[in-house]
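Engineer: Have a look at the structure that comes next, please.
Protein chains: 2
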Amino acid sequence: MAARRIVKAVLVDLSGTLHIEDTAIPGAQAALKRLRNAPVVIRFVTNTTKECKRSLLERLRKLSFDLNEDEIFTSLTAARNLVEQRNARPMLLVDDGALHDFEGIVTHNPNAVVIGLAPEHFNYQTMNKAFRLALDGAPIIAIHKSRYYMKKDGLALGPGPFVTGLEYATGTKATVVGKPEKTFFLEALRSTGCHPEEAVMIGDDCRDDIGGAQNAGMLGILVKTGKYRSGDEDKINPAPYLTCDDFPQAVDYILKDML
Amino acid sequence: MAARRIVKAVLVDLSGTLHIEDTAIPGAQAALKRLRNAPVVIRFVTNTTKECKRSLLERLRKLSFDLNEDEIFTSLTAARNLVEQRNARPMLLVDDGALHDFEGIVTHNPNAVVIGLAPEHFNYQTMNKAFRLALDGAPIIAIHKSRYYMKKDGLALGPGPFVTGLEYATGTKATVVGKPEKTFFLEALRSTGCHPEEAVMIGDDCRDDIGGAQNAGMLGILVKTGKYRSGDEDKINPAPYLTCDDFPQAVDYILKDML
């Protein structure tokens, strides 16, 4: 374990860490309340490509979590920020449920491609349109590049394979904005006024949550809920700063030893 | 130029070498006749994923080329051969126009994925079905992996990006059967009874036709028609054995200097 640090910001993953689908992790709501009473800023960070912030917020509030929309930072937010920074007019190859997070963005006569998980748009004609734009020099901005995810009826393709296909066809590389990218974590932290050395990330995905955050200079606490599988700690080097049973245990550790 | 060899088999590419869409390369039919009068076996080799042999044959006969169905060896033939060798039951993710070349192949309860250019099947549901098969251990057999091709209204995605996407999602590698694979050229040559050192390949694609054939031990003659662009010769190492203006000039060189 590295030298003790004073934590001023806590980044918290959502799915797998606070809840699994429509069920909260036991004690997670109370643990979040305890964390709110401590002198730390909280941000909720997630790699969603299909749900806008508002929809995420509603789902979490139904599970009795206490959080605000402006505390949520998603890969869609990161994509929007990048589009605005570059003053780009994106073709939005994203799920219709994600469009809300791009309200106000100019999309006519597109000169960029933003691609997330968009099953209903992943057909040859639409992929070809994105391909031609990219060949003409439009940068490809990938919400994230995950290979697949778990659906109720089994594993299903994530956005990664479609991003990779466009990269192969055009001989270019997409700019990935979601976890585990370093810029994702730095962007999420920006509005807190804290430095990465003052932040800790709590999540269930060893590579994307913990590896990514630690690569950005933060500490990482891996929780053994959600997608965690025994031995995940060994997937990254350096190893997670700490591994806890669940979110409540991680919070208690922070309150006791990291403030 | 390497030492002189005696040529007994000539492999000829179709599109871009004998014809461009519905127009024959000037003098190509007569050149083919001259070649037929020489003591060489001829095979027509092409990377089609959309057209069955019969349809190719009809198109060429309409342009007054003299050839037989059993002289044509395509990437679809190569895929069928591999499926038969492995006794596999493929999910055929190919254009409906290519299905004829798989007649008699058992496809129920599939344990392999054959993937060509199939725009009407490249949707999320079908790609997901192929992905789940491959995750369960079904090998992916790719007709070829070309990035894109020229359509009348501009460049369009080839099968390569979709193959690459499945490879990325499953963490496996497809077996590619078309040009420029070494096995493609050796398979095409098999029925001629000739060795690779006795064969020459004529084509307009420096990498796929010439590089592939030379890698299989044949000689390669690049023609400056079809997709040829100035400087293509430098794309492969060793360079093409010879570069000619067109198919007739290549034939005349063979007749004069390679028999």
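Protein chains in written order, with this note's numbering: chain A, 256 to 514; chain B, 256 to 514.
For glycine and all other residues, C-beta sits at the position ideal for the given N, C-alpha and C.
No experiment lies behind these values; they were computed from the predicted model shown.
Between B:Met456 and A:Cys461, what straight-line distance do the alpha-carbon atoms span, to the nearest angstrom?
Structural biologist: If I take the Cα positions, the gap works out to 52 Å.
Engineer: Using beta carbons (cut-off 9 Å, strictly below), is B:Asn302 in contact with chain A?
Structural biologist: By this cut-off, B:Asn302 is not an interface position.
Engineer: In the DSSP assignment, find the unbroken alpha helix (DSSP H) run with A:Phe440 in it and report its ends.
Structural biologist: Looking at the DSSP string, the run of the alpha helix (DSSP H) that includes A:Phe440 is 437–445.
Engineer: So for A:Ala429, helix, strand or coil by DSSP?
Structural biologist: Here A:Ala429 sits in coil by DSSP.
Engineer: Which residues, taken in chain order from the segment 364–398 of chain B, show a beta carbon closer than 7 Å to some beta carbon of chain A?
Structural biologist: Per Cβ criterion, the list reads Pro374, Phe377, Asn378, Tyr379, Met382, Asn383, Phe386, Arg387, Leu390.
Engineer: How many angstroms separate the CA atom of A:Met256 from the CA atom of A:Glu453?
Structural biologist: Caution applies to A:Met256, whose pLDDT of 49 falls short of 50 and renders its modelled position unreliable; the value that the coordinates give is listed next. Approximately 16 Å, taken between the alpha carbons.
Engineer: At least one CB of chain A closer than 9 Å to the CB of B:Thr419: is that the case?
Structural biologist: Yes, B:Thr419 lies at the interface with chain A (some Cβ there is under 9 Å from its Cβ).
Engineer: Just reading off the alpha helix (DSSP H) that A:Ala264 is part of, what are its end residues?
Structural biologist: Unbroken run through A:Ala264 is the beta strand (DSSP E), 264–268; no alpha helix (DSSP H).
Engineer: For A:Phe299, report the span of its beta strand (DSSP E) as first-last.
Structural biologist: Per DSSP, A:Phe299 belongs to the beta strand (DSSP E) from 296–301.
Engineer: Just how far apart, CA to CA, sit A:Gly409 and A:Asp500?
Structural biologist: Going from the Cα of A:Gly409 to the Cα of A:Asp500 covers about 26 Å.
Engineer: May I ask you to verify whether the segment 323–337 of chain A touches the segment 281–291 of chain A, counting CB pairs closer than 8 Å and requiring at least 3?
Structural biologist: The segment 323–337 of chain A vs the segment 281–291 of chain A: no contact.
Engineer: Relative to chain D, which residues along the segment 406–439 of chain B have a C-beta separation below 7 Å, given in chain order?
Structural biologist: Absent here is chain D; the protein component of the structure consists of chains A and B.
Engineer: Beta carbons nearer than 9 Å to chain B: which residues of the segment 473–502 of chain A have them?
Structural biologist: Against chain B - using a Cβ distance shorter than 9 Å - the segment 473–502 of chain A contributes no residues.
Engineer: Are A:Pro416 and B:Tyr423 close, meaning C-beta to C-beta below 9 Å?
Structural biologist: Yes.
Engineer: For the segment 329–409 of chain A, which segments carrying the beta strand (DSSP E) assignment without a break, of at least 3 residues, lie completely within its bounds, in sequence order?
Structural biologist: Runs of the beta strand (DSSP E) inside the segment 329–409 of chain A: 345–348, 367–370, 395–397, 403–406.
Engineer: How about B:Arg402: is its C-beta nearer than 9 Å to some C-beta of chain A?
Structural biologist: Yes, its Cβ sits closer than 9 Å to a Cβ of chain A.
Engineer: Would B:Lys317 be called buried (16 or more neighbouring beta carbons within 10 Å of its own) or exposed?
Structural biologist: The residue in question, B:Lys317, is exposed, as its Cβ has fewer than 16 Cβ neighbours within 10 Å.
Engineer: With DSSP as the reference, please indicate the residues paired to A:Val478 in a beta bridge.
Structural biologist: Note: A:Val478 sits in a beta bridge opposite A:Cys499.
Engineer: With DSSP collapsed to three states, give me the class of A:Ala471.
Structural biologist: Reduced to three states, the DSSP call for A:Ala471 is coil.
Engineer: So what does DSSP say about A:Thr278, is it helix, strand or coil?
Structural biologist: In this structure, A:Thr278 counts as strand in the three-state DSSP scheme.
Engineer: Measure the CB-CB distance between A:Arg402 and A:Leu388 and report whether it falls below 9 Å.
Structural biologist: For A:Arg402 and A:Leu388, no; Cβs fall outside 9 Å.
Engineer: In or out: B:Ile261 buried (at least 16 other Cβ within 10 Å) or exposed?
Structural biologist: With fewer than 16 other Cβ atoms within 10 Å, it is exposed.
Engineer: Using alpha carbons as the reference points, say which of A:Gly481, A:Val349, A:Thr427 lies closest to A:Asp464.
Structural biologist: Considering only alpha carbons, the answer is A:Gly481.
Engineer: Taking Cβ positions, are B:Val361 and B:Arg335 nearer each other than 9 Å?
Structural biologist: Not closer than 9 Å, so no.
Engineer: Within the continuous beta strand (DSSP E) that includes B:Ala454, where are the two ends?
Structural biologist: Looking at the DSSP string, the run of the beta strand (DSSP E) that includes B:Ala454 is 454–458.
Engineer: What residue range does the alpha helix (DSSP H) around A:Glu313 cover?
Structural biologist: 308–317 is the extent of the alpha helix (DSSP H) around A:Glu313.
Engineer: Quick one: grab the DSSP three-state call for A:Leu510.
Structural biologist: In this structure, A:Leu510 counts as helix in the three-state DSSP scheme.
Engineer: Between B:Leu312, B:Val295, B:Thr332, B:Thr278, which has its C-alpha nearest B:Phe439's C-alpha?
Structural biologist: Answer by Cα proximity: B:Thr332.
Engineer: Taking all protein chains shown into account, decide if B:Asn342 is buried (16 or more other Cβ within 10 angstroms of its Cβ) or exposed.
Structural biologist: Classification for B:Asn342: exposed.
Engineer: Since A:Lys288 is in the alpha helix (DSSP H), which residue starts that stretch and which ends it?
Structural biologist: Taken as a continuous stretch (DSSP letters only), the alpha helix (DSSP H) holding A:Lys288 covers 283–291.
Engineer: DSSP on A:Leu529, reduced to helix/strand/coil?
Structural biologist: Residue 529 of chain A cannot be examined here, being either before or after the span of chain A that is shown, 256 to 514.
Engineer: If we ignore side chains and look at the alpha-carbon of each, how far apart do A:Gly271 and B:Leu477 end up?
Structural biologist: Answer to the nearest angstrom: the Cα atoms are 57 Å apart.
Engineer: Which same chain residues end up closer than 7 Å to B:Leu497 when comparing Cβ atoms and leaving out the 5 residues on each side of it in sequence?
Structural biologist: Cβ neighbours of B:Leu497 beyond the five flanking positions: Ile476, Tyr508.
Engineer: Return the CA-CA distance between A:Arg291 and A:Ile297, expressed in angstroms with no decimal places.
Structural biologist: Rounded to the nearest angstrom, the two C-alpha atoms are 8 Å apart.
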